Each structure stands twice: as C-alpha cells, then as structure tokens.
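In the numbering used here, the protein residues as written are 813 to 1928.
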Amino acid sequence: MNDLVAKLKENSYDYTSHIRFVELLTKGFRHHVTPPDAPDTSRDPLSYELLADLRLARRTMCAKFAIGEESWVEWINDEKILARSTEDRLTLMELCSQAVSEEPSSSTLWRLYGDYMYWLWAAAFDVEPADWAEEDKIVGREAFTWQAMQEVWDRALPATQWHMNDSHLVWDRWMEIMLRDQEASSDQQKLVHLRNAFTERLLKPHATWDKTFQMFSTFISRYFNAEYEDTMMTMNKRASQAKQQFALREHYELKVDSAVKAGDKEAEWEIYSQYLDWEVKNKGVFSFHLINALYERATLRFSIDATIWQDYVQLLMEHADGGVDVLAVLERGTRHCPWSGELWSQRLLALEAEGRSFDEMESVKHRATETGLLDVGGLEELLKVYVAWCGFLRRKAFDARSSEDDIDIAEVGIRSALEHVEEIGEKRYGKQFKGDPQYRLERINIKFITQSGNIQAARDCWKALIPAQENSYDFWYRYYIWEMVLWSKWCMRDKENAGQTLETPREATNILRQGLKRVMTMDWPEQLIDMFIHHCEQHESVHEYRYAIFEAKKARAEVAARRQKEAAEAAAAYQQQMAGAAEATPATYEDASANGKRKRGVDAAAEENATKKSRQGEASTKPMDEEASSPATAQVKRDREHTTVIVKNIPASSTQTRVRQFFRDCGTINSIILVPDGNGSTQTATVEFETPGDAESALTRDGKSLDGESVRISSGTGSTLFVTNYPPEADEEYIRKLFKAHGEIISVRFPSLKLNTHRRFCYVTFGNAQQAEAASKAMHGKSVGRNLMLTAEISDPSIKDRRHGPIYEGREVFVGNVDMSVTDQEVQDLVSSLDGFVNVRVPRNLGGRGKGVAFVEFDTPDNAKKGAEALNAKEFKDRILRANIAEPRGSKRHATAIINQPSASPEPGSTAGGDADTNGVASGASNRRERTIALMNIPDTVNDARIRAIVEPHGSLRKIVLMPKHQGAIIEFVSVADVGKASLALEGYEIAPGRKIRIGTPEEMKKMGEEKKEDRLGASKPAESKKTPALMSPAPRISRPGQQGARRGGKGGLGTKRATFITTSSAAKDVEMGGTGSAEGSSGGKSNADFKAMFLAGKEKGSEEKKEGGDGDSKA
813 MNDLVAKLKE
823 NSYDYTSHIR
833 FVELLTKGFR
843 HHVTPPDAPD
853 TSRDPLSYEL
863 LADLRLARRT
873 MCAKFAIGEE
883 SWVEWINDEK
893 ILARSTEDRL
903 TLMELCSQAV
913 SEEPSSSTLW
923 RLYGDYMYWL
933 WAAAFDVEPA
943 DWAEEDKIVG
953 REAFTWQAMQ
963 EVWDRALPAT
973 QWHMNDSHLV
983 WDRWMEIMLR
993 DQEASSDQQK
1003 LVHLRNAFTE
1013 RLLKPHATWD
1023 KTFQMFSTFI
1033 SRYFNAEYED
1043 TMMTMNKRAS
1053 QAKQQFALRE
1063 HYELKVDSAV
1073 KAGDKEAEWE
1083 IYSQYLDWEV
1093 KNKGVFSFHL
1103 INALYERATL
1113 RFSIDATIWQ
1123 DYVQLLMEHA
1133 DGGVDVLAVL
1143 ERGTRHCPWS
1153 GELWSQRLLA
1163 LEAEGRSFDE
1173 MESVKHRATE
1183 TGLLDVGGLE
1193 ELLKVYVAWC
1203 GFLRRKAFDA
1213 RSSEDDIDIA
1223 EVGIRSALEH
1233 VEEIGEKRYG
1243 KQFKGDPQYR
1253 LERINIKFIT
1263 QSGNIQAARD
1273 CWKALIPAQE
1283 NSYDFWYRYY
1293 IWEMVLWSKW
1303 CMRDKENAGQ
1313 TLETPREATN
1323 ILRQGLKRVM
1333 TMDWPEQLID
1343 MFIHHCEQHE
1353 SVHEYRYAIF
1363 EAKKARAEVA
1373 ARRQKEAAEA
1383 AAAYQQQMAG
1393 AAEATPATYE
1403 DASANGKRKR
1413 GVDAAAEENA
1423 TKKSRQGEAS
1433 TKPMDEEASS
1443 PATAQVKRDR
1453 EHTTVIVKNI
1463 PASSTQTRVR
1473 QFFRDCGTIN
1483 SIILVPDGNG
1493 STQTATVEFE
1503 TPGDAESALT
1513 RDGKSLDGES
1523 VRISSGTGST
1533 LFVTNYPPEA
1543 DEEYIRKLFK
1553 AHGEIISVRF
1563 PSLKLNTHRR
1573 FCYVTFGNAQ
1583 QAEAASKAMH
1593 GKSVGRNLML
1603 TAEISDPSIK
1613 DRRHGPIYEG
1623 REVFVGNVDM
1633 SVTDQEVQDL
1643 VSSLDGFVNV
1653 RVPRNLGGRG
1663 KGVAFVEFDT
1673 PDNAKKGAEA
1683 LNAKEFKDRI
1693 LRANIAEPRG
1703 SKRHATAIIN
1713 QPSASPEPGS
1723 TAGGDADTNG
1733 VASGASNRRE
1743 RTIALMNIPD
1753 TVNDARIRAI
1763 VEPHGSLRKI
1773 VLMPKHQGAI
1783 IEFVSVADVG
1793 KASLALEGYE
1803 IAPGRKIRIG
1813 TPEEMKKMGE
1823 EKKEDRLGAS
1833 KPAESKKTPA
1843 LMSPAPRISR
1853 PGQQGARRGG
1863 KGGLGTKRAT
1873 FITTSSAAKD
1883 VEMGGTGSAE
1893 GSSGGKSNAD
1903 FKAMFLAGKE
1913 KGSEEKKEGG
1923 DGDSKA
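#1: Would you say residue 1343 and residue 1374 are within 9 Å of each other, going by their C-beta atoms?
#2: Residue 1688 by DSSP, collapsed to three states: which one?
#3: Report the three-state DSSP secondary structure of residue 1482 (helix, strand or coil).
#4: If I'm right that residue 1572 touches residue 1739 with Cβ under 8 Å, what's the distance once you round it to whole angstroms?
#5: Residues in its own chain within less than 7 Å of residue 1480 by CB, not counting five upstream and five downstream?
#6: Only counting runs of 4 or more residues, tell me where the alpha helix (DSSP H) segments fall wholly within the segment 1555–1588, in order along the chain.
#7: State the Cα-Cα distance for the pair residue 1155 and residue 1283, rounded to the nearest angstrom.
#8: Which word fits residue 928, buried or exposed, when buried means at least 16 other C-beta atoms lie within 10 angstroms of its C-beta?
#9: Might you give, ordered along the chain, the residues of its own chain that have their beta carbon closer than 6 Å to the beta carbon of residue 1163, omitting 5 neighbours on each side?
#10: What does the alpha-carbon distance come out to for the pair residue 1686 and residue 1694?
#11: Taking 8 Å as the cut-off, is the C-beta of residue 1666 nearer than that to any heavy atom in the ligand ATP?
#12: Determine contact between the segment 1209–1226 and the segment 1251–1262, defined as no fewer than three beta-carbon pairs at a distance below 8 Å.
#13: If you draw a straight line from the alpha carbon of residue 1329 to that of residue 1222, how long is it in whole angstroms?
#14: If we count the other Cβ atoms within 10 Å of its Cβ and call it buried at 16 or more, is residue 883 buried or exposed?
#15: With a cut-off of 8 Å, do at least 3 Cβ pairs link the segment 1100–1116 to the segment 1138–1151?
#16: For residue 1516, collect the residues of the same chain with a Cβ closer than 6 Å to its Cβ; drop the 5 residues on either side in sequence, then sort them by chain order.
#17: Alpha carbon to alpha carbon, how far is residue 1548 from residue 836? Give it in angstroms, no decimals.
#18: Tell me which residue opens and which closes the alpha helix (DSSP H) that residue 1509 is part of.
#19: Residues in the same chain with beta-carbon distance under 6 Å from residue 824, minus the five sequence neighbours each way, listed in chain order, please.
#20: Please list, in chain order, all residues of the same chain as residue 878 whose beta carbon is under 7 Å from its beta carbon, the five residues on each side excluded.
#21: Could you check how far apart the C-beta atoms of residue 1197 and residue 1205 are, in whole angstroms? I think they sit under 8 Å.
#22: Could you name the residues of the same chain whose beta carbon sits closer than 6 Å to that of residue 1319, not counting the 5 residues immediately before and after it, in chain order?
#23: Determine the DSSP secondary structure at residue 1695, reduced to helix, strand or coil.
#24: Suppose you measure from the CA of residue 1104 to the CA of residue 981; what does that come to, to the nearest Å?
#25: If we count the other Cβ atoms within 10 Å of its Cβ and call it buried at 16 or more, is residue 1293 buried or exposed?
#26: For residue 819 and residue 1233, I'd like the C-alpha separation in whole angstroms.
#27: Alpha carbons only, please: which of 1044, 1604 and 976 is nearest the one belonging to residue 761?
#28: Determine contact between the segment 1618–1634 and the segment 1575–1584, defined as no fewer than three beta-carbon pairs at a distance below 8 Å.
#29: With a threshold of 16 other CB atoms inside 10 Å of the CB of residue 1786, please say whether the residue is buried or exposed.
#30: Please confirm if residue 1660 has its CB atom under 9 Å from at least one CB of chain C.
#31: Measuring straight from C-alpha to C-alpha, what distance separates residue 1287 and residue 1327?
#32: With a floor of 3 residues, list each beta strand (DSSP E) that falls wholly inside the segment 1746–1832, ordered by position along the chain.
#33: Hey, which unbroken runs of the alpha helix (DSSP H) at 4 residues or more fall wholly within the segment 1099–1133?
#34: Let me confirm a value: residue 1354 is counted as buried when at least 16 other C-beta atoms fall within 10 Å, else exposed. Which label applies?
#35: Got a sec? Which residues, its chain only, sit under 7 Å from residue 1820 by beta carbon, not counting five neighbours each side?
#36: Alpha helix (DSSP H) containing residue 1275: first to last residue?
Printed below as a string of structure tokens:
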C-alpha cells in the first residue's frame, strides 16, 4: 500500500494504482467485518481503522475516473451497513444519485437506489420495522417522503424500459410497491394509472413478458373483472409485435445470459459484438430504441472499450432525432476511456456544433491533455484531440463574428499544440522524432496563416516539411494544390488584366519539378509524372511544355528501371521462399528414441492387416497423400517464430479481448496467450499474427497504454526453442522445471498426435531471444536420463531439419525370416562380430514369441551396408535370412504399447510386440472385454507413455492403444478387479488444465470425433446444438376467480400457453460412461456402480482363491 501511495503522489492519474489501492482497502474492510478465519463472527464496520482512507480513496478515484457499475454497487452496499444517522442516510442518498448519474442505464443501480428510498420512507413512517431513534423518525418524515421516493422510480423506469434482459428488476419492484400502496389506500385514479403502466410495459419486448402478462391478468381479474376477456384478448393481440421482437433476439439474449452467469467476459464480448452487428444490419424504422438500449448495455458491461463508445456515438449521430443526448454519452465515454483521443475529439466537435462557449470547450481540452493519460495512450491519441481543438480555433478566428483577440488566441493555441506534440514526441521517440507523418497540425497551421494573409510564411511552412515528407506523393500533391489555389486569382481574364499576358503558375511548376528529383525514392512517382505533364500542358507556355516532355521521359525511364529492379528482387525472394517451402520436412522434428517401433517385411503386412481390423466401424479418413502433406503445409504457412510478438507489463485485470482490441489495427491475429507474472499485478502475452508484416506493425505500439499501463512489446523471433529427445512421459510441468533456471518461460506448446502418434517434441517460448539463446547453450546435449541427450535449438521453420536416428541416417539393417523361437542372445551372438555393431532389437508378441524380424544398428552407414551384405542369404537356425538397409515408415495415427508385466514406462511403442493382434495368447481372451476400458477426453497432445504413467499405479496392464483421433485411449488390464479400481480412481482425473478424464467403453470412445481446436481467433465455430433453456419461461396457467359459465379443462383458456412436456424417464436410466448408451445397448456400458461392484467382487474372489490355492486367471 505504501508503494501505491507513492505512485499516486507521483502521478495522481495512475488509473491502475487507483484501482489496486481501492481493492486492497476494500478487501481489508471485508475481512475486518467478517474475518476469513471466523466467518460466523461479525465486527462493527465503523471500527475499521482504515475506513477514512477507504472513503477518501473512493472519492478521489471517482473525481478523476468513472469507476463502473460493479464498483458503485460495492461502494453503496458498504455505506449501507455504515449508515447509522440521518446525516449518513442523506449522504448515502446523494451517493446513489451520483451513481445513477454516472451510469444512467444501470438497472442494478436504479434498483438499489429505489429500494433504499422505499426503505427510508417505510422506516420513517413505521411501515416496516427499523431500529431508529424517534428523533430520526421525525426528521426522516420530512426528508424521506413518498414523493421523493416516487420521483426516483419515475426516473428509473424510462431509463431502463428498453433493456430486454434486466428492465424487470426495476419495473417489477416498482409495480410491487404501487400495488401495495393501492391495497393500503384504494384509488380509482391510481388503478387507471397502473393499468396504463401494464399496457405500456406489455407493448415493449422484455425477457419476463410472460410473467408480466400473468401479473396483468391477476390485476385485471381483481380490479376490472367485468372486462377481463376483452382486455386480455386485446392485449395479447396488441403485444404480438413485442413478442416477435424478443423472439428474434432471444438466441442472442440466451447466449449473453449464459456468458454472464459463467463469468466468461471473452465470450460475452464476442456475443455482444455479434448482437450489435445483427441489430445494426437489420435496423428497422422502429428499432432505434432497441439498438440504443443494447449499446447502453454494452457500454455498461465493457465501459473501458473505446470502440464500443465510438460506434455508439456514430449511431446517435445517424439518428439525431432519437431523443438521446450525444454530448452526455460522449462525456461518459471520456470519463470511462480518458485515454481515447477519438472520444475527446468527438466531444470537442459536438460542443462546437452546438455552439457552446469557448470557456467550456477550453475546459474540456485541458481535461483531455493535462492529465497525461493521452500521452500514455500514444501520440496518435493526443494528435486527434489537438486536430479537433486547433480546427475549432481556426474556424472561430475567421468566423463572421470574430475579433482580433480570436485570431491571437488561435495563433497562440495552434503554436502551443505544435510545441506540445514535439515535446511528447521527443520524450517518447528521442531526437530522431520527425513529427506527425500526416502533418495534420502543420496543415491546420498553414491554412490559418494563409487565411491571415501571410502567404510567404505559409510557403515557408511547406518548405520546412520537405525533409520529412519528400518521399510522399501525397505531400507534393497537397503542396501543389495549395500553390494552384493561390494562383487561381490570376488565371482568369477580366477588365483589369485586359490586353496583358496571364501569369503562369511558376511556383506550382517548380514544386512539381522538385518532386521529380525524388522519383527513385517516392512512394508513387508515376502519378506525379502524369500530374507534371498535365499541369504544363494546361497552364505553362509552349517552351516550358516542350522541356517538360523531355523531363517526364527521363523520369519515366528512371522509374521503369527502378520498378524492374524491384520486380527482380521480389521474384528472387519468391523463388527463395518457394525453395524453402519445397525443402521443408513433411513431418515435424523427431529423433530415433522418439520414433518407437518400426516393422519391415513380413511384419509390415501383419501390421497393415491389424490396422484394418482396428479401423472397422470408424469414420472414413482423408487420402494418405492429403494427410501427409497437410502438416508440412501448415508449418510453412504458419510461421509462428516470425509472426509473434511478446507483450509485457499488461495489467492483471486485462483480458484476452482487451489485448486483441489493443492490436486490432495491426493486422489479423491468430492467437493470444496470457501468462500471469510472478508479481501478481501484471501479465505477459504472446500474440501471433497472420503475417510477419502484421507483427512488425504491432511493434509500433510499443510504449502505448493498455488499461492504464504502458506496455513493452518485443519481437518473438528467436525466442522459441525446439525441444526434443526428453523422457516420453514428460509433460508441461516437467519441461518448465527443466528450463526454469534459464529465463522467463512464456509458453510450452506440444504438437498434435492425430497424424503421428510418435511425435515427441515441443516448443518453449522465452521472454526474449537472449534468454532462449542462453537456454539453448545450457541445455542442448544435456543428459536427461535413460541415455537421452536433450535437443534444444532455436526454432526456425525456414530451415530444413533432417530426422535423426539410425533409421534416418542409414545405419539400421532390417533382418527378415528370423526363427520365431530365437532368443535375443542368439541374435546378438550372430551379429556382434560385424564391424561397427551397436545394438540389436528383436520385436516380440504378448507370449514372448519372436515376430520373425530383427533390427540391427551400426555406427556408420558404410558399416551398415557391409553388415546387410554379410547377413543377407546367410543361414541361421535352418532359415535363410533376408537383410537390407531399413527405410523409414509413414506416420502412425495410433500407438499400441503391449506390456508383459508392470515395469517402468518405456519409450512410446518401443516394447516388444506392438500391433493390436494378440495371436499366441489363449488365456484371458474370453474376458478381454471385462478387462478393457477406454479413457475419454484425452488431449491429442498426450502420448501413450504419459497414459501409462497415469494408469499403471492402479493395476497391471496388458496393452495400451492410444487413439488421438478419438480423444482417447484403450486400456487392457491383466485383472478384472484392477478395472474397477482404476475406473474409480481415474474418473474425473484432470490430465490437463480444464480436461478431466471420463471412463467408458472402447465403442463409446470411438464415437468421439477428433479434437476441434480453434487456435486462430475468429475461426468459425461448429454449429451449436439447439438447446431449450428458456429465458422467457412458458407462461403458467392464470389463476382467476371462478366465473359463471367458465369453461374448464380441454383447451387452454385465455392467457394460458399450451406446453409440450418432455419425458424424463430416459434420464432415470443408469448413466453410462460417455452418456451415449441406450436401453438396448446398456450391457456394453459400465457405470460407476458397475465398476465398484467389480472391484468388490474381485477382492472377494481373490481372497477365495488364496484359500483354495486356485489360479485366479483360470477362474476369471
């Protein structure tokens, strides 16, 4: 708190420090009143020792900024429990009035205000019990009158009446109070007033229309019973448009309501954006109030989003007759977003358009520029304000009613603005600051000087701009037009110049000639050359025109040579890019140890057959060539390493949406990852753009303000490591610990295993390139256990990286037709004498029987070639061997690990055996289904080694089949009892943040589609299944007094909606894993109760087997 106080003393407009200071004091107040360690205890709130500081902090912040609806609600509720005297209550009344003035569209604040006023009246007049002294009641009867309370509600109703989502908070409570008053003192005039209020309410769309209609029915039944039928029928007919208006918007309202309840501000912002776009696109003659109310709601929920305020102001300007005060909206907008130069400039223009006084406009300008918030927001925001202000000064100076003082004020004001911009520019960008690239204030100054009659001074201003603007065609065009406007006074023949030669525009011609000297660097030289020729042909003498033709010809030749050179450079760059794309590896980086099993020859056919069997019943897949090419294409097109920027010092309260809005003008954003910093007050983001150009554009926002903090932006190029050859069961936590000592880790990204389950690498992004380089030097080649040497290199997708390992380096020999009963030692004895022998591997099935093949690794490709020649056609155990250099196989879409006995987690797929076939295994085949479960909702970045590490502690395993395409894995246990134990332990286990394991059957798991990832912002979402939650609940049957001749039963009466009831009998059935079972197929599913029963039965059976000495497997 001392640090925050110091910051606020240094800069009283530090928005973030104000927020944190108030939050800390409020938290202390809450803990004082209700101690966290004693929630049943309640202390006197007035004894809080920092109460005066809390009140002062709130008042101070409120004087400088708009604090928002939520802060107002907290403030009012705190003051409610503190108010003990009449003076306190009067102060709270003023606070409530201030709150609704700041947020006039907040139904919540109006409800708080109205309820408090009603309580004050009720307590003062003994309508409701209150612990007030008699003196307080006497004073209260004068201060807290019915009329004062009624005035608050009369203001609240029209302010919120078009808010479809929550206007009932105000209207329903007001009607409840009015009906109570009517019961207490009946009055026919009140009844007519209330009836009209019901009618007006029902003609407006709102979420609780059915409830209002029910209330109206009860009201009419009680007070206008004789007119009931006609009144209800007429009302129902008249309100059809209101119901239709709500029905058209109900799906948006449901989405907004769902996002608010979930606390998902990102989703809420997206829905509001879509909702507003829809409203504006489908705008009708009578829909202005609905659109206006939606903007009011949006600015209430996202009050610090300047773009919403700007769009709202645009709507109000298009509907000037809508009855909404634009200036009031702009005033609120600038209080909520004081860093938005666009809103301040619009406010100044609106004041000028309404003819407000100079003093008022000057006051607004000072508030915009003297707080320093615009400077933090960036020079562009400051310039927007000064453009509006200086434009006003110039127009006022030459108005018909202006005086000499107005001209002097304008001259001083424009000069001061230029000096302030230059001062801020040099402070931010250093001495190399060259001014506004669009020279907006300079143009206003030139116009002012020109209108003042000092042409030469204005021309000097143009000349002073040439060093900074010489390569801009736009500059030369504007300069030329200015000179032509001056010359236009002498271009027309009249009585005064009769008989004289008209002057030619020499100054304008000279300007164009100056521009021609810069055609080799100008952004649009062709247009300037054409303008020069046209100008001379139209306005100059024949001698000048003839000379201009040759000048233009020379300039065109220079430009043609320049364009030819640029085209050649572009073609070379394109060819280099295409060559890099062609050389890019079609599959991502892997090492030998990560690749797992590789079957050749006879075993390849067996694997293909097993794969075909395992895929029966699955959805059809894409052609192999399409799948194989897609990852490579994606890597070439999506160059994260050169399209990412790192943003630091983002306030902890900022959301992903706010970051996206901050960069909205820089280009298309693919993804945003926010990571909290260790200090708890800030966070860091990695923002990936569509192109490198977009990322470079984002770097220009370095130092600008985001939610009150100046952010630091750096390029992500060179800050990401490609990491592989780590233990197969490693997860994100392991990787972070591994590199923790070498810098700030922003993110760890694992690849999808859908197209290749043997991928084992990840990308680690550091805070900057220097940290990544240091981490690479420290960790590359480091041993991480089990003979694994870590690979950690700077990631660069443009560089082709060959796969590593003996099979990719030509150092592995495939040996076929090996006797299936051979032992590992026998094969090693056969090959160990060969030159360069390193290792041998003999794949085996579940029973330990060989699969007829072996793989021999050598130290060099030459020795491998010699070894293959030596082994080929060699007789071994009465068989003729076949040997050749092993070749890499294509990627696998599922990984199968066959486990003979519980052991440490192996390399993925490196265990003996490996296909889904279980030939040679007789025991246990009959109860395999009971011993098998499926893990569902597994991220497609999790490999089989991690699955084994999670599952193996709960039982002995036979087999694991990882199927990323179905977001799951099939687990076969040795014992049925282990199935129940593992199922109970793993159900709901969080394998990744937000991803909890579900237990089901293989059939259920195979019905799951592949994981849908939207790692590009704005990607289209799959259509949501239609749901039936009702924001407008079905109307209940209306209860009304019995009438003679009234009908009962049969069709619904007036005001009764037919309801379609959905049977819930299916919900009462046993819940199967995955929730997709049916009554007929329920035998295949396993509920938690089934697993528990199996677990208990297995324990009982195990104890019986021990007593009888029997074999558990045979009994199973």
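Glycine included, every Cβ here is placed at the ideal spot set by N, Cα and C.
Since the model is a prediction, treat every value here as computed from it, not as a measurement.
If we stick to the structure as given:
#1: Not a contact, by the Cβ cut-off of 9 Å.
#2: strand
#3: strand
#4: Residue 1572 to residue 1739, Cβ: 34 Å. No contact.
#5: 1501, 1502 and 1506
#6: none
#7: 32 Å
#8: buried
#9: 1173
#10: 8 Å
#11: Absence of the ligand ATP from the depicted structure is noted, as is the absence of any ligand whatsoever, leaving it without description.
#12: yes
#13: 37 Å
#14: With 16 or more other Cβ atoms inside 10 Å of its own Cβ, residue 883 counts as buried.
#15: Yes: at least three Cβ pairs fall under 8 Å.
#16: 1190
#17: 32 Å
#18: 1504–1511
#19: None.
#20: 914, 1115, 1144, 1147 and 1148
#21: About 13 Å separates the two Cβ atoms, so there is no contact after all.
#22: 1295
#23: The answer is strand: DSSP assigns residue 1695 an E or B state.
#24: If you take the alpha carbons of residue 1104 and residue 981, they lie about 19 Å apart.
#25: For residue 1293, the number of other beta carbons within 10 angstroms of its own is below 16, and it is reported as exposed.
#26: 25 Å
#27: With the chain running from 813 to 1928 in the structure shown, residue 761 is simply not present.
#28: no
#29: buried
#30: No chain C is part of this structure, which consists of one protein chain only.
#31: 10 Å
#32: 1769–1775, 1780–1785, 1802–1804 and 1810–1812
#33: Here the runs fully enclosed are 1100–1113 and 1118–1130.
#34: exposed
#35: 1748, 1778, 1779 and 1780
#36: 1267–1281
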